[in-house]
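Peer 1:
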Amino acid sequence: MKVENQQKVLENRICYRMTSVREFLIICGGYDYISGAANNALFSYNTIRGVWKRYPLPIKLENISRYPKICSFGNKVYMCGVDSPYVIDPKIYYLVSFNVTDSTWQILYLHDVDHACNEPPPMRVNLLFYHNESLYVLGMNRDNQNSEDDDRNIIYKFCLQTLTWSVVQQIGATPIFYDEIYGKVFNNRLYIFDSNTYSTTSFREVMIFDFSTNIWTKSHTHSKNNEYPHGRFRESYAFSSDSAYMSGGITPNITSNGTTCYSDIWRIDLETLEFFKLNYDGMNIACQLSVISIFTVLECVSTTTDIVIF
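Take 1 as the starting number for the sequence shown in the UniProt record's numbering and just add one per residue.
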């Protein structure tokens with residue numbers, strides 16, 4: 001563990017992943033856009049004390065940490081090490097947990113070429129999430145013998161008690177996600193937010209997977225004043241216990257032959273799927289893509305929820 005300053009942590013760093021545990025922001029993965037060097041460490045930022053700390057990855061994982069997926073639950077951060085999304089047969093190389101309380105690592109799964117009897121097939125992982133003492137990876141499996149029409153969305157479950165993989169049945173028409181997506185489990189349902197498609201219905205519908213029935217459904221959002229976010233793509237999402245938050249994103253600007261960037265912030269109530277535009281003063285966000293993390297400060301007398309934008 002080593003104390004770092006913010007400039008050194010984020011300087012020249014792109015494509016990193018971020019989550020939160022209590023008052024800590026957690027950053028991992030990514031690489032230096034100038035040198036291309038991978039960042040083989042996990043960083044935490046204490047939002048109360050304003051201190052960055054660096055935690056080296058276990059030696060076995062140092063060379064396969066460029067494109068991780070990340071999620072958190074309780075005091076633990078979970079990382080899934082995957083291939084570049086551009087390789088033909090991307091693999092899941094590892095699952096690992098990091099306990100924020102005592103700064104300990106635990107390797108849960110390592111890909112073994114010689115003993116690949118219990119592991120998912122090659123897949124492009126779009127989302128890693130936790131639910132009921134298991135980790136889930138949602139991604140796309142492609143049959144290389146066929147066309148893109150044969151692409152299919154698959155979900156694999158990794159039980160944290162038995163350390164074994166199993167496929168999750170999906171009933172009915174399943175959606176296909178070609179890139180990274182955002183998701184939140186709420187009331188035993190997985191709510192999916194896809195920031196890679198630009199359409200007039202982007203914020204009018206939400207895909208939901210019900211774990212009790214294994215059925216995908218499409219639900220409509222609403223707004224009391226009929227105010228919705230402007231159509232865009234590459235926006236970012238983050239989640240509190242019962243809400244999703246969205247900001248950032250871009251759209252092509254035909255008039256100027258460039259792009260329009262967005263800095264508005266919206267909240268989506270997961271219970272009602274209602275959109276609320278948040279008002280904020282004295283804040284001007286000028287960026288192509290906002291990366292948001294929501295954290296709840298449990299140590300305070302009154303619990304508060306803050307939005308942190310990098």
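Where is the CB? At the ideal position from N, CA and C, for every residue including glycine.
Would you list the one or two residues that DSSP bridges to residue 311?
Peer 2: Nothing about residue 311 can be reported from this structure: the residues present for the chain run from 1 to 310 only.
Peer 1: Is it the case that the Cβ atoms of Ile265 and Tyr245 are separated by a distance below 8 Å?
Peer 2: Start at 1 with the first residue of the sequence shown, and residue 265 comes out as number 265. Start at 1 with the first residue of the sequence shown, and residue 245 comes out as number 245. Their beta carbons are under 8 Å apart, which means Ile265 touches Tyr245 by this criterion.
Peer 1: Which residue comes first and which comes last in the beta strand (DSSP E) that contains Met18?
Peer 2: The residue given as residue 18 occupies position 18 in the sequence shown. Residues Arg17 to Val21.
Peer 1: Can you list the beta strand (DSSP E) stretches of 3 or more residues lying completely in the segment 36-113, in chain order?
Peer 2: Listed in chain order, they are 41-46, 51-56, 67-73, 76-82, 92-99 and 104-110.
Peer 1: Using only alpha-carbon positions, find the residue among Asp112, Ser212, Arg124 and Met140 that is nearest to Val82.
Peer 2: Within the sequence shown, numbered from 1, the residue matching residue 82 stands at position 82. Cα-wise, what sits closest to Val82 is Arg124.
Peer 1: Helix, strand or coil for Ala173? Go by DSSP, reduced to three states.
Peer 2: Taking the sequence shown and counting its residues from 1, the one referred to as residue 173 is at position 173. Reduced to three states, the DSSP call for Ala173 is coil.
Peer 1: Going by Cα to Cα distance, which pick from Tyr16, Pro120, Gly231 and Tyr78 is closest to Cys261?
Peer 2: For this step, residue 261 is matched to residue 261 along the sequence shown. Among Tyr16, Pro120, Gly231 and Tyr78, the Cα nearest to that of Cys261 is on Gly231.
Peer 1: Which of the three DSSP states, helix, strand or coil, is assigned to Asp242?
Peer 2: In the sequence shown, the residue the question calls residue 242 occupies position 242. If DSSP states are grouped into helix, strand and coil, Asp242 belongs with coil.
Peer 1: Under the three-state reduction of DSSP, which class applies to Ile27: helix, strand or coil?
Peer 2: Sequence index remark: in the sequence shown, residue 27 carries index 27 (1-based). In the structure shown, Ile27 sits in a strand (DSSP, three-state: E or B).
Peer 1: Would DSSP call Tyr156 helix, strand or coil?
Peer 2: Locating residue 156 in the sequence shown gives position 156, counting from the first residue. Three-state result, Tyr156: strand.
Peer 1: Please go through the same chain and pick out, in chain order, the residues whose beta-carbon is closer than 6 Å to the beta-carbon of Leu138, but skip the five residues on each side of it.
Peer 2: Residue mapping note: residue 138 aligns to position 138 of the sequence shown, counting from 1. Same-chain partners within the cutoff: Asn126, Leu127 and Ile155.
Peer 1: Of the residues Thr162, Tyr178 and Arg152, which one's Cα is nearest the Cα of Gly172?
Peer 2: Sequence index remark: in the sequence shown, residue 172 carries index 172 (1-based). The option with the nearest alpha carbon to Gly172 is Arg152.
Peer 1: For Thr162, name the three-state secondary structure that DSSP assigns.
Peer 2: Residue numbering aside, residue 162 sits at position 162 when the sequence shown is read from its first letter. The answer is coil: DSSP assigns Thr162 none of H, G, I, E or B.
Peer 1: List the endpoints of the continuous beta strand (DSSP E) containing Met140.
Peer 2: For the purposes of this step, residue 140 is taken as residue 140 along the sequence shown, with counting starting at 1. Taken as a continuous stretch (DSSP letters only), the beta strand (DSSP E) holding Met140 covers Ser134 to Asn141.
Peer 1: Report buried or exposed for Ser236, applying the criterion of at least 16 other Cβ atoms within 10 angstroms of its Cβ.
Peer 2: The sequence position of residue 236 within the sequence shown is 236, counting from 1. The residue is buried, with at least 16 neighbouring Cβ atoms inside 10 Å.
Peer 1: Would you decide whether Val51 is buried or exposed? Buried here means 16 or more other CB atoms lie within 10 Å of its CB.
Peer 2: Position 51 of the sequence shown holds residue 51. When all chains shown are included, Val51 counts as exposed.
Peer 1: For Gly30 and Asn12, what's the separation of their Cα atoms in angstroms?
Peer 2: Counting from one through the sequence shown, the residue named residue 30 turns up at place 30. Counting from one through the sequence shown, the residue named residue 12 turns up at place 12. Roughly 10 Å separates the two Cα atoms.
Peer 1: Could you check the C-alpha separation between Ile70 and Glu133 for me, to the nearest Å?
Peer 2: Numbered from 1 along the sequence shown, position 70 holds the residue referred to as residue 70. Numbered from 1 along the sequence shown, position 133 holds the residue referred to as residue 133. Ile70 and Glu133: Cα-Cα distance of roughly 16 Å.
Peer 1: Could you check how far apart the C-beta atoms of Tyr182 and Leu270 are, in whole angstroms? I think they sit under 8 Å.
Peer 2: Locating residue 182 in the sequence shown gives position 182, where the first residue counts as 1. Locating residue 270 in the sequence shown gives position 270, where the first residue counts as 1. In fact, because the Cβ distance is near 12 Å, the residues do not count as touching under 8 Å.
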